[in-house]
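Position one of the sequence shown corresponds to residue 1 (the working numbering), numbered consecutively onward. For glycine and all other residues, C-beta sits at the position ideal for the given N, C-alpha and C. For reference, the structure discussed in these notes is given below.
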Amino acid sequence: MMSFAEWNKPVGPTSDSASVLERIVAILGAVKESDVPLSITALAARTGMPKSSVSRLVGELVEQRYLQRTDDGIGLGFRLFELGVRASLPRRLLTAAGPVIRELVELTGERVGLWVHQGTHMISIATVAGRLPMLPARAGMRSPALTTASGKAYLAFCSDPGVVNQATAPLVHAAADQFRDELTQVRATVVATDRGVAYPGILAVATPVMSSDRVVLGAISIAGPSGAMDPEHVGPLVRAAGIALTRRLTAA
């Protein structure tokens, strides 16, 4: 195992006493400032560190999801967003959603959530617990896009087929086709439903949140006990909330 002294051994021309933290910050800063993903060679050049050190640190940052590795190079990972969500929530979306969420909670008394998409998951950026206090209600919570109502609402209106392909990759061919058929139904009704698949005993209904140019930004959902919440009743309420939020974003 590498000792503390070895971790903090000077590397590169940027500083003779650069700590591991300083190197990590330098790497993250270089990736953040780039408009395109960077190679290890490019990162080494921008930070002044040896390629071997950059490669090792990048590997650990990718493993911890602070960076992500794609075919084009190294980019920022979603764990940074998760941390950012808890420190400084996406103000524009949350400011627009606040009154909409409050009204939906007042109308139903159920759990209401606002979600954005990343990879194969939906990430909560706001949640009001309602009658489901047993589930975590915090910003940054991750739920599978494949099984959740919010995920289906997002995927149904996502224009990138690669995103849907990634979400359905774990499914066998027949199940993937069935899921795509379900997304077609969601596009027709603009409402997605999860009947206890993601969380047993819990019914969830969601609708997409769109930008002014009809790009899906996320989803707003409502969830409650499956035996006490009627999807036929709450579906139109969630749909109306999605429309209201889209209009507020357009007007902002």
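- prompt: Does the distance from the CB of Gly242 to the CB of Ile222 come in under 8 angstroms?
  reply: Start at 1 with the first residue of the sequence shown, and residue 242 comes out as number 242. Start at 1 with the first residue of the sequence shown, and residue 222 comes out as number 222. Their beta carbons are not under 8 angstroms apart, which means Gly242 does not touch Ile222 by this criterion.
- prompt: Tell me, which residues are paired with Ala192 by DSSP?
  reply: Here residue 192 refers to the residue found at position 192 when the sequence shown is read from its first residue. Partner(s): Ala206.
query: Of the choices Ala206, Gly218, Ala97 and Leu104, whose alpha-carbon is the least far from that of Val186?
result: For the purposes of this step, residue 186 is taken as residue 186 along the sequence shown, with counting starting at 1. For Val186, the nearest C-alpha among the options comes from Ala206.
Helix, strand or coil at Val116 according to DSSP, with G and I counted as helix: Mapped onto the sequence shown, residue 116 falls at position 116. Strand.
task: Tell me whether the beta-carbon of Val128 lies closer than 8 angstroms to the beta-carbon of Val112.
output: Residue numbering aside, residue 128 sits at position 128 when the sequence shown is read from its first letter. Residue numbering aside, residue 112 sits at position 112 when the sequence shown is read from its first letter. Yes. Within cutoff.
message: Assuming Gly130 is part of the alpha helix (DSSP H), what are its boundary residues?
response: The residue given as residue 130 occupies position 130 in the sequence shown. No alpha helix (DSSP H) contains Gly130, which DSSP labels as neither H nor E.
task: Could you tell me the distance, in whole angstroms, from the CA atom of Pro99 to the CA atom of Arg69?
output: One-based indexing of the sequence shown puts residue 99 at position 99. One-based indexing of the sequence shown puts residue 69 at position 69. Distance between the alpha carbons of Pro99 and Arg69 is about 38 angstroms.
field: Three-way DSSP call (helix, strand, coil) for Pro236 in this model
entry: Start at 1 with the first residue of the sequence shown, and residue 236 comes out as number 236. It is helical.
query: How would you write the range of the beta strand (DSSP E) that Thr70 sits in, first residue to last?
result: Counting from 1 along the sequence shown, the entry for residue 70 is found at position 70. Taken as a continuous stretch (DSSP letters only), the beta strand (DSSP E) holding Thr70 covers Leu67 to Thr70.
task: Answer with yes or no whether the minimum CB distance from Pro50 to chain C is below 8 angstroms.
output: No chain C appears in the structure shown, which is made up of a single protein chain.
query: So the beta strand (DSSP E) Leu38 belongs to, where does it begin and stop?
result: Along the sequence shown, one-based indexing puts residue 38 at 38. Looking at the DSSP string, Leu38 is not in any beta strand (DSSP E), and its letter there is neither H nor E.
message: For Arg142, report the span of its beta strand (DSSP E) as first-last.
response: Numbered from 1 along the sequence shown, position 142 holds the residue referred to as residue 142. Arg142 to Pro144 is the span of the beta strand (DSSP E), which, as asked, contains Arg142.
- prompt: Comparing alpha-carbon positions, which option in Arg79, Thr189, Ala156 and Thr193 lies nearest Gly140?
  reply: Counting from one through the sequence shown, the residue named residue 140 turns up at place 140. It is Arg79.
query: Taking C-alpha atoms, which residue in Arg131, Glu110, Leu114 and Arg180 lies nearest to Ala97?
result: Along the sequence shown, read from residue 1 onward, the residue named residue 97 stands at position 97. Of the listed residues, the one whose Cα sits closest to Ala97 is Leu114.
field: Between the CA atoms of Ser19 and Gln118 - distance to the nearest angstrom
entry: As a first step, residue 118 must be located in the sequence shown, where it is residue number 118. As a first step, residue 19 must be located in the sequence shown, where it is residue number 19. Distance between the alpha carbons of Gln118 and Ser19: 31 angstroms.
- prompt: Which of helix, strand or coil does DSSP assign to Ser226?
  reply: Taking the sequence shown and counting its residues from 1, one reaches residue 226 at position 226. Ser226: coil per DSSP, three-state reduction.
query: How about Leu217 and Ser226: are their beta carbons less than 8 angstroms apart?
result: Taking the sequence shown and counting its residues from 1, one reaches residue 217 at position 217. Taking the sequence shown and counting its residues from 1, one reaches residue 226 at position 226. Against a cut-off of 8 angstroms, the Cβ pair of Ser226 and Leu217 comes out as no contact.
message: Which of the three DSSP states is assigned to Leu89 in this structure?
response: One-based indexing of the sequence shown puts residue 89 at position 89. In this prediction, Leu89 scores a pLDDT of 44, lower than 50, which makes its location untrustworthy; the coordinate-derived value is nonetheless stated afterwards. Here Leu89 sits in coil by DSSP.
Closest residue to Pro231 among Ala244, Arg46, Asp213 and Gly196 (Cα-Cα distance): Here residue 231 refers to the residue found at position 231 when the sequence shown is read from its first residue. The candidate whose alpha carbon is nearest that of Pro231 is Gly196.
message: Using the three-state DSSP reduction, which class does Ala219 fall into: helix, strand or coil?
response: As a first step, residue 219 is located in the sequence shown; it is residue number 219 there, counting from the start. In the structure shown, Ala219 sits in a strand (DSSP, three-state: E or B).
query: What span of residues does the beta strand (DSSP E) with Gly75 cover, start to end?
result: The residue labelled residue 75 in the question sits at position 75 within the sequence shown. Note, Gly75: beta strand (DSSP E), Gly73 to Leu76.
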